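First to last, the sequence lines map onto chains P and G. Using our numbering, count along the first sequence one by one with no gaps and you end on 264. Using our numbering, count along the second sequence one by one with no gaps and you end on 134. Using N, Cα and C, we set each Cβ at its ideal position, and we do this for glycine too. Remember, predicted model here, so these are calculated numbers, not experimental data. One structure is given below, encoded as structure tokens.
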Amino acid sequence: GQQVMQIPQYQHVQEGEDFTTYCNSSTTLSNIQWYKQRPGGHPVFLIQLVKSGEVKKQKRLTFQFGEAKKNSSLHITATQTTDVGTYFCAGQDGNNRKLIWGLGTSLAVNP
Amino acid sequence: NAGVTQTPKFQVLKTGQSMTLQCAQDMNHEYMSWYRQDPGMGLRLIHYSVGAGITDQGEVPNGYNVSRSTTEDFPLRLLSAAPSQTSVYFCASSYSWDLDNEQFFGPGTRLTVL
């Protein structure tokens, strides 16, 4: 069935190191959204990518959407303790318009 | 705007009890949904609604009922709680049923079924 694989499941970094999480879909996506969930909190929308090959930046966060619209990545430069949380991608299936969620990548940052 | 609100924040039930989780949004959003979140399982869609009077099942609907009598409210009913329904429940809404826009999540209800 439709799925979005997200890797890694967990990542533990030292403060100041970079971090990347990847999402790969089995089907072509019409768009992909990224969310952040702090420990004990709820998912909060970060960004949406729509165009093939699109790259967007938010301060230290860089989001990419693959040329085939089947994969995406979130890269954080020089992590800070405030980046701690779980990052989810959610892709909208190009055929049935349903939102397919990745299982998330949990990021821990050592100060 | 309050955004998406959920009550209660925490709930403990005994097996077989029933309860309703409340969800409301004040953004005039068309689309509302319920997710459950379990460790290692991500967010799983329980039920959703594309407008008042219209609901449909998600990927894990068994044991849950919903209704949408108004645009604002989307309650989730557990008819006979089971320990397998211990989870964190999130309500979410978005402007359009088309889902090509931001999902706004409520703060969640942490449910334990004994």
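Residue i touches chain G at which residues, Cβ-Cβ below 8 angstroms?
i, result
"F198(P)", "E122, Q123 and F124"
"L256(P)", "G60, M61 and G62"
"S183(P)", "D120"
"F218(P)", "Those do not exist, as F218(P) stays about 14 angstroms from chain G at its closest Cβ, beyond 8 angstroms."
"Q201(P)", "D120, N121 and E122"
"F241(P)", "G62 and L63"
Run down chain P in chain order and give the residues with a C-beta less than 9 angstroms from the C-beta of residue i.
i, result
"P127(G)", "G194 and H195"
"D76(G)", "The contacting residues do not exist; D76(G) stays about 11 angstroms from chain P at best."
Identify the contact partners of residue i in chain P, using a Cβ-Cβ distance below 8 angstroms as the criterion.
i, result
"G71(G)", "Per Cβ cutoff of 8 angstroms: no residues; G71(G) is ~15 angstroms from chain P at best."
Have a look at the DSSP bridge pairing and note the partners of residue i.
i, result
"K209(P)", "F216(P)"
"F125(G)", "A112(G)"
"D46(G)", "According to DSSP, D46(G) bridges with nothing at all."
"T27(G)", "Q42(G)"
"H228(P)", "T173(P) and T215(P)"
"K189(P)", "V197(P) and Y240(P)"
"N184(P)", "Q245(P)"
"A261(P)", "H165(P)"
"R130(G)", "F30(G) and V108(G)"
Of all Cβ atoms in chain G, is any one closer than 8 angstroms to the Cβ of residue i?
i, result
"S226(P)", "no"
"R191(P)", "no"
"Q211(P)", "no"
"Q164(P)", "no"
Counting only beta-carbon separations shorter than 8 angstroms, does residue i have a partner in chain P?
i, result
"F110(G)", "yes"
"D46(G)", "no"
For residue i versus residue j, is the C-beta spacing smaller than 8 angstroms?
i, j, result
"A102(G)", "S53(G)", "no"
"N184(P)", "V203(P)", "yes"
"Q186(P)", "Q201(P)", "yes"
"M39(G)", "L98(G)", "yes"
"T129(G)", "P59(G)", "no"
"S69(G)", "F94(G)", "yes"
"Q252(P)", "Q245(P)", "Residue 252(P) is actually Leu in this sequence, not Gln. Contact flag set, yes."
"H67(G)", "G78(G)", "yes"
"Y175(P)", "F241(P)", "no"
"S116(G)", "Y51(G)", "yes"
"E92(G)", "Q26(G)", "no"
"S87(G)", "T106(G)", "no"
At least three beta-carbon pairs within less than 8 angstroms, the region 31-48 of chain G to the region 166-182 of chain P: Contact between the region 31-48 of chain G and the region 166-182 of chain P is absent: fewer than three C-beta pairs spanning the two stretches fall below 8 angstroms.
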